[in-house]
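In order, the protein sequence lines correspond to chains A and B.
In this text, residue positions in the first sequence follow the numbering used here: the first is 437, and each later residue adds one.
In this text, residue positions in the second sequence follow the numbering used here: the first is 1158, and each later residue adds one.
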Amino acid sequence: MTDTMTDTAAAPAAAEADAILRADKVTMRFGGLVANKDVDFIIPRGGIVSLIGPNGAGKTTFFNQLTGMLEPTSGDIRFEDQSIVGLTPHDIVELGIARTFQNIRLFGAMTVIANVMTGAHTRMKASWWASLLKLPAVREEEAAIRKRARELLRLVGLPRRYEEDWAKNLPYGDQRRLELARALASNPKLLLLDEPTAGMNPGETAQMTALVKRLRDELDLTVLLIEHDMKVVMGISERITVLDYGEVLAEGSPEQIRTNPRVVEAYLGKQATQQ
Amino acid sequence: MQPWMKRAAFLGLLGGFGALHVSLVGMVGTFQARDFISGIVTVGSVLPMLIAILVGWRAGILQRDTDVAPTPSRALASGAVAGAVVGLVLALLCVIILNVDVDWIFVNARPQLAEILLFGQGIGVGSIILIVGGALLGAAGAALNVVSGPVARTVTIAAIVTLLVSLMEPFLGAVFRNLSLNVVDDFLYDRGGLTPIGFVLVYALVAAGVYAWATRGDRARARVEAMPPDRQRNLKLGAYGVIVVLLLLLPLIVGQRLSEVVGTVGIYVLLGLGLNIVVGFAGLLDLGYVAFYAVGAYVTAVLTSPASPAFSPELPFWGALPFVIVAAAMVGLFVGAPVLRLRGDYLAIVTLGFGEIAREIFKSQWAQPVTGGAQGILSIPPPLPFDRDPQSIYYPILFFCILAAIGASSLAASRVGRAWNAMREDESVAEATGVNTTYYKLLAFGLGAAFGCVSGALFAAKIGVIFADSFNILVSINALALIILGGMGNIFGVVLGALVLVGLPEFLREFAEYRLLIYGAVLVIMMILRPEGLLPSRVRRAELHEDEGEDDAQYAAEAGEETGKPVVTT
Chain A
437 MTDTMTDTAA APAAAEADAI LRADKVTMRF GGLVANKDVD FIIPRGGIVS
487 LIGPNGAGKT TFFNQLTGML EPTSGDIRFE DQSIVGLTPH DIVELGIART
537 FQNIRLFGAM TVIANVMTGA HTRMKASWWA SLLKLPAVRE EEAAIRKRAR
587 ELLRLVGLPR RYEEDWAKNL PYGDQRRLEL ARALASNPKL LLLDEPTAGM
637 NPGETAQMTA LVKRLRDELD LTVLLIEHDM KVVMGISERI TVLDYGEVLA
687 EGSPEQIRTN PRVVEAYLGK QATQQ
Chain B
1158 MQPWMKRAAF LGLLGGFGAL HVSLVGMVGT FQARDFISGI VTVGSVLPML
1208 IAILVGWRAG ILQRDTDVAP TPSRALASGA VAGAVVGLVL ALLCVIILNV
1258 DVDWIFVNAR PQLAEILLFG QGIGVGSIIL IVGGALLGAA GAALNVVSGP
1308 VARTVTIAAI VTLLVSLMEP FLGAVFRNLS LNVVDDFLYD RGGLTPIGFV
1358 LVYALVAAGV YAWATRGDRA RARVEAMPPD RQRNLKLGAY GVIVVLLLLL
1408 PLIVGQRLSE VVGTVGIYVL LGLGLNIVVG FAGLLDLGYV AFYAVGAYVT
1458 AVLTSPASPA FSPELPFWGA LPFVIVAAAM VGLFVGAPVL RLRGDYLAIV
1508 TLGFGEIARE IFKSQWAQPV TGGAQGILSI PPPLPFDRDP QSIYYPILFF
1558 CILAAIGASS LAASRVGRAW NAMREDESVA EATGVNTTYY KLLAFGLGAA
1608 FGCVSGALFA AKIGVIFADS FNILVSINAL ALIILGGMGN IFGVVLGALV
1658 LVGLPEFLRE FAEYRLLIYG AVLVIMMILR PEGLLPSRVR RAELHEDEGE
1708 DDAQYAAEAG EETGKPVVTT
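(1) Just to confirm before moving on: does the CB-CB distance between A/D680 and A/F499 stay below 7 Å?
(2) Fully enclosed by the stretch 592-656 of chain A, which alpha helix (DSSP H) runs are 4 residues long or longer?
(3) In the DSSP assignment, the beta strand (DSSP E) including A/D512 goes from what residue to what residue?
(4) Just the Cα atoms here: how many angstroms apart are B/L1600 and A/I513?
(5) Measuring alpha carbon to alpha carbon, tell me which of A/I484, A/V552, A/V462 ends up nearest A/V521.
(6) Considering only the alpha carbon of each residue, which of B/L1321, B/W1475, B/V1426, B/G1613 lies closest to B/L1639?
(7) For B/G1350, which residues does DSSP report across the bridge?
(8) Would you mind listing the alpha helix (DSSP H) stretches within the stretch 1220-1295 of chain B that are 4+ residues and don't spill past its ends, in chain order?
(9) Hey, B/A1166 and B/L1247: beta-carbon distance below 7 Å or not?
(10) Determine the direct distance from the alpha carbon of A/L487 to that of A/K495, and round the result to whole angstroms.
(11) How about A/V475 and A/A459: do their beta carbons lie closer than 7 Å?
(12) Just confirm the distance between the C-beta atoms of B/P1539 and B/I1550, as a whole number of angstroms; I'd bet it's less than 8 Å.
(13) Just curious, the beta strand (DSSP E) that B/E1517 is in, first and last residue?
(14) Work out the CA separation of A/E701 and A/Q692 for me, nearest whole Å.
(15) If you draw a straight line from the alpha carbon of B/L1428 to that of B/F1608, how long is it in whole angstroms?
(16) Which residues does DSSP pair with B/M1684 in a beta bridge?
(17) Could you please tell me which residues of the stretch 514-544 of chain A, in chain order, have their CB closer than 9 Å to any CB of chain B?
(18) If you check the beta carbons only, do A/I533 and A/T658 fall under 7 Å apart?
(19) The alpha helix (DSSP H) with A/T547 in it runs from where to where?
(20) Of all the residues that make up the stretch 485-506 of chain A, which are near chain B by a beta-carbon distance shorter than 7 Å?
(21) Please compile the residues from chain A whose C-beta is within a distance smaller than 7 Å of the C-beta of B/V1483.
(22) To which residues does DSSP link A/G688 through a beta bridge?
(23) For the alpha helix (DSSP H) containing A/T463, name the first residue and the last one.
(24) Do B/V1243 and B/G1173 have their CB atoms nearer than 7 Å?
(25) If you run the structure through DSSP and keep just helix, strand and coil, what is A/N472?
(26) Look at the alpha carbon of B/V1381 and the alpha carbon of B/E1471, and state the distance between them as a whole number of angstroms.
(27) Rounded to a whole number of angstroms, what is the C-alpha to C-alpha distance between B/G1660 and A/P624?
(28) Against chain A, with Cβ distances strictly below 7 Å, would B/L1478 count as a contact?
(29) Given this structure, state the Cα-to-Cα distance separating B/F1602 from B/A1636, to the nearest angstrom.
(30) Out of B/L1504, B/F1519, B/L1405, B/L1490, which one is the CA nearest neighbour of B/V1452?
(31) Chain B partners of A/R618, CB-CB under 7 Å?
(32) Give me the residue from B/E1517, B/R1378, B/V1611, B/W1475 with the minimum Cα distance to B/F1557.
(33) Taking Cβ to Cβ, would you say B/V1447 is nearer than 7 Å to B/V1632?
(34) Measuring CA to CA, which of B/R1215, B/F1438, B/A1618, B/T1372 is closest to B/V1303?
(35) Which chain A residues sit within Cβ distance under 9 Å of B/N1578?
(36) Out of B/A1565, B/I1648, B/A1655, B/Y1368, point me to the one whose CA is closest to A/L569's CA.
Now the structure itself:
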């Protein structure tokens, strides 16, 4: 490993002053079931923040509210001081939030390069009639986006020979990389990763962890991830929020979380005994 | 009995059932009138032979779960068993026909049928011919799995093309006579089929061509790709130029009567291109596409025909066209908006309903003041101010087909096309990737409707008379079937599909009776053997190699280093 990066120390106080995203008492009810209850959550700009918790703790539900796939029953979510509650998912992508999925969801019967270029949809202007006529501006834009997509593929480490393969034919680990490239193509300010190392072996996991850190630094991203692998979470996160039964159980630096008795009881301890 | 034999016998029984079917519905008898190779084989007896070959081919693909290793001889034996069973079933049919009176149930089960199936021999000799011949054909089918890929492809494609050339005698013969090439006609064709020499010649030519392409095609493609981009473009333009010139001359080549058929094919190509946007690109299964076709035809008829009950100042065809397109887009949105939330099967059923509703409305008493109700609308003027002859109506159709093909291919390779494809693959992920799915669904319906309406307008102007019942569900099914057959998403596929499904039945009058039967069989076989269609949309490679300066190995090495992977030197 030639990882030259050093972990930037978290500076919570300064970060909270400049929050890129702020969730305020977010509650999500499905009928009688309360999936999220009064969740307060802050993501400092430029940070890598993790959301952890046992299965069914409401992590993905919370994620889906950030991306507009669900609308909170009550509470407010503000991205760069603008409320995003009630916006459609594509509006939110346009504002600068992109995501990946827990169970990889690529556009299987599209080529690798087309997947990434689709990710840049909101950053393109070509209208249907201009595309129909193939106006010069459309061609230029298309060429520029193709170039950018190639850069992104290189950035996430996908070999160029994959470009014209169908996304569904890629090996598993490469599919995760491709999903990441597709999300990055929308030039997000905030990147949401739903279990980016799920199903990966230790080697691939280490690569993915290094990649996320590198992307954050090179692209000025803020990263929020849901993760189950405690090694990944502790190694990568600057702040960690623990959800349990839809509520925030604890929030703090990795060290604080590791030593928090309630967290250990609810979550870490259980996992420690399992391992 | 060993498992592989059981399987082969079972496939043979299935094939035998198919052969019984084509015999008893009368296809064998009808096609007996047509020679495949004149004086040697009739198309009627080719049908059961094809079934034996197909079954043998299938049986020759040995399964892993059979008890033996898949060796070539085992594959051949398997095919032979399957083929022999087909022959056996037919022999039994002949025995029954000759000894029992069954023609009060199966009207075609007459001694004549037995005579055809037994090749004019007695039941004893004929049965042996059937069974041994079936085994040989089955083994031949199985052999396709044994020989190398290019050889198998060459043999199969050459056989199919030769059969088509023979079947298209009425068409090709007319073309040759039209071009005063009676020599060629006499040489190739005799009594409605290929002459033996013609057969050998056509087969050899096609086989040579296919084999050359199968073995050297990649190299040729590589050589083209190695050319500088501007030369590649010139080559491409040149090829398109030749195609366009040929298309322009087509009506003169094929003559008056067949231009009519070519025009019909063109109208379906346009219809297919439009439906392909909705179904192939955007993945919205629309079974009521005929509604757009009908709207286009009726708007044209009402605006241009002096006989239309409403709207008296008559416009010329081209004056009505803008209204047609606007009406199309509106109807597209009207149909699209309520079904935005529906997916898959539900969308299909609702659109199916829309199609039927449209037809009923056009036919109804209520709409009669405008649409003429059941009487329809007569004397619609042709698009060009000449007589309504098929050769001149062909040109507007060609014009719109080319326009539509260019438009559709530009859209396919654009931001819009990608958004549609993404929606087809996974709607909620497309939305989460930034695609406004509502907008793009409506856009697909609107553009698809525009293509369909123009097609309908040309149909009205071509026929000159429209009735609501021309716009039945079969039009939707035809259009859908032709894009499935040709290859979803591919523009040349649409053309090929239209030629096969709309063109062939027009040339082959014998087929008319069995048209839907053949449709069904072809679609089922396609779905099993080649679900992606005859010409699946291939990845466009040419334009992707424009700014390649970097070396792939170096690139991979770089990426490996960046992500901490061990660098593999090549």
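Virtual Cβ for every residue (Gly too), placed ideally from N, Cα, C.
By the coordinates alone:
(1) Within the first sequence, residue 680 of chain A is the residue found at index 244, counting from 1. Within the first sequence, residue 499 of chain A is the residue found at index 63, counting from 1. A/D680 is not a Cβ neighbour of A/F499, given a cutoff of 7 Å.
(2) The qualifying runs are 608-620, 638-655.
(3) On the first sequence, residue 512 of chain A is found 76 positions in, with the first residue counted as 1. If you look at A/D512, you'll find it in the beta strand (DSSP E) that goes 510-515.
(4) Counting from 1 along the second sequence, the entry for residue 1600 of chain B is found at position 443. Counting from 1 along the first sequence, the entry for residue 513 of chain A is found at position 77. Take the alpha-carbon of B/L1600 and the one of A/I513: they are about 32 Å apart.
(5) For the purposes of this step, residue 521 of chain A is taken as the residue at position 85 of the first sequence. Checking every option, the nearest Cα to that of A/V521 belongs to A/V462.
(6) As a first step, residue 1639 of chain B must be located in the second sequence, where it is residue number 482. Closest in alpha carbon position to B/L1639, among B/L1321, B/W1475, B/V1426, B/G1613, is B/V1426.
(7) The sequence position of residue 1350 of chain B within the second sequence is 193, counting from 1. For B/G1350, which the question treats as bridged, DSSP gives the partners B/D1347.
(8) Counting whole runs of 4 or more residues, the stretch 1220-1295 of chain B contains the alpha helix (DSSP H) stretches 1229-1256, 1268-1274.
(9) For the purposes of this step, residue 1166 of chain B is taken as residue 9 along the second sequence, with counting starting at 1. For the purposes of this step, residue 1247 of chain B is taken as residue 90 along the second sequence, with counting starting at 1. Contact check for B/A1166 against B/L1247 fails: the beta carbons are separated by 7 Å or more.
(10) The sequence position of residue 495 of chain A within the first sequence is 59, counting from 1. The sequence position of residue 487 of chain A within the first sequence is 51, counting from 1. The alpha-carbon atoms of A/K495 and A/L487 are separated by roughly 7 Å.
(11) Along the first sequence, read from residue 1 onward, the residue named residue 475 of chain A stands at position 39. Along the first sequence, read from residue 1 onward, the residue named residue 459 of chain A stands at position 23. A contact, by the Cβ cut-off of 7 Å.
(12) For the purposes of this step, residue 1539 of chain B is taken as the residue at position 382 of the second sequence. For the purposes of this step, residue 1550 of chain B is taken as the residue at position 393 of the second sequence. Rounded, the Cβ-Cβ distance is 6 Å, consistent with contact.
(13) Stepping through the second sequence from its first residue, residue 1517 of chain B is reached at position 360. If you look at B/E1517, you'll find it isn't in any beta strand (DSSP E); it sits in the alpha helix (DSSP H) that goes 1501-1520.
(14) The sequence position of residue 692 of chain A within the first sequence is 256, counting from 1. The sequence position of residue 701 of chain A within the first sequence is 265, counting from 1. Roughly 14 Å separates the two Cα atoms.
(15) Position 271 of the second sequence, counting from 1, holds the residue named residue 1428 of chain B. Position 451 of the second sequence, counting from 1, holds the residue named residue 1608 of chain B. Roughly 7 Å between the two C-alpha positions.
(16) In the second sequence, counting from the first residue as 1, residue 1684 of chain B sits at position 527. Answer is none; B/M1684 lacks a bridge partner.
(17) Against chain B - using a Cβ distance shorter than 9 Å - the residues of the stretch 514-544 of chain A are T524, P525, H526, D527, I528, V529, E530, A534, R535, F537, R541, L542, F543, G544.
(18) Position 97 of the first sequence holds residue 533 of chain A. Position 222 of the first sequence holds residue 658 of chain A. Between A/I533 and A/T658, the C-beta spacing is not below 7 Å.
(19) If you number the first sequence from 1, residue 547 of chain A lands on position 111. Unbroken run through A/T547: none, as it is neither H nor E.
(20) If the cut-off is 7 Å between Cβ atoms, the stretch 485-506 of chain A has T503, M505 near chain B.
(21) Taking the second sequence and counting its residues from 1, one reaches residue 1483 of chain B at position 326. Contacts between B/V1483 and chain A, judged by CB atoms closer than 7 Å, are missing: the closest CB pair is about 15 Å apart.
(22) By 1-based counting over the first sequence, the position of residue 688 of chain A is 252. Within the DSSP bridge table, the entry for A/G688 names A/I676 as partners.
(23) Residue mapping note: residue 463 of chain A aligns to position 27 of the first sequence, counting from 1. Looking at the DSSP string, A/T463 is not in any alpha helix (DSSP H); the run it does join, the beta strand (DSSP E), is 455-466.
(24) Start at 1 with the first residue of the second sequence, and residue 1243 of chain B comes out as number 86. Start at 1 with the first residue of the second sequence, and residue 1173 of chain B comes out as number 16. Contact flag set, yes.
(25) Here residue 472 of chain A refers to the residue found at position 36 when the first sequence is read from its first residue. Residue state, collapsed to three classes: strand.
(26) Numbered from its first residue, the second sequence carries residue 1381 of chain B at position 224. Numbered from its first residue, the second sequence carries residue 1471 of chain B at position 314. If I take the Cα positions, the gap works out to 53 Å.
(27) Taking the second sequence and counting its residues from 1, the one referred to as residue 1660 of chain B is at position 503. Taking the first sequence and counting its residues from 1, the one referred to as residue 624 of chain A is at position 188. The straight-line gap from Cα to Cα measures roughly 52 Å.
(28) Here the question's residue 1478 of chain B lines up with position 321 in the second sequence. Judged by the 7 Å Cβ criterion, B/L1478 is not in contact with chain A.
(29) Walking along the second sequence from the start, residue 1602 of chain B turns up at place 445. Walking along the second sequence from the start, residue 1636 of chain B turns up at place 479. Approximately 15 Å, taken between the alpha carbons.
(30) For the purposes of this step, residue 1452 of chain B is taken as residue 295 along the second sequence, with counting starting at 1. The residue from B/L1504, B/F1519, B/L1405, B/L1490 with its alpha-carbon nearest to that of B/V1452 is B/F1519.
(31) Working through the first sequence from its first residue, we reach residue 618 of chain A at position 182. By Cβ distance, chain B contributes T1590.
(32) Here residue 1557 of chain B corresponds to residue number 400 of the second sequence, with the count starting at 1. Ranking the options by Cα distance to B/F1557, first place goes to B/V1611.
(33) Counting from one through the second sequence, the residue named residue 1447 of chain B turns up at place 290. Counting from one through the second sequence, the residue named residue 1632 of chain B turns up at place 475. Pairing B/V1447 with B/V1632 gives a Cβ-Cβ distance under 7 Å.
(34) Here the question's residue 1303 of chain B lines up with position 146 in the second sequence. It is B/R1215 whose Cα lies nearest to the Cα of B/V1303.
(35) Along the second sequence, read from residue 1 onward, the residue named residue 1578 of chain B stands at position 421. Correct list: F543, A545, M546, A550, T554.
(36) Here residue 569 of chain A corresponds to residue number 133 of the first sequence, with the count starting at 1. That would be B/A1565, whose Cα lies nearest to the Cα of A/L569.
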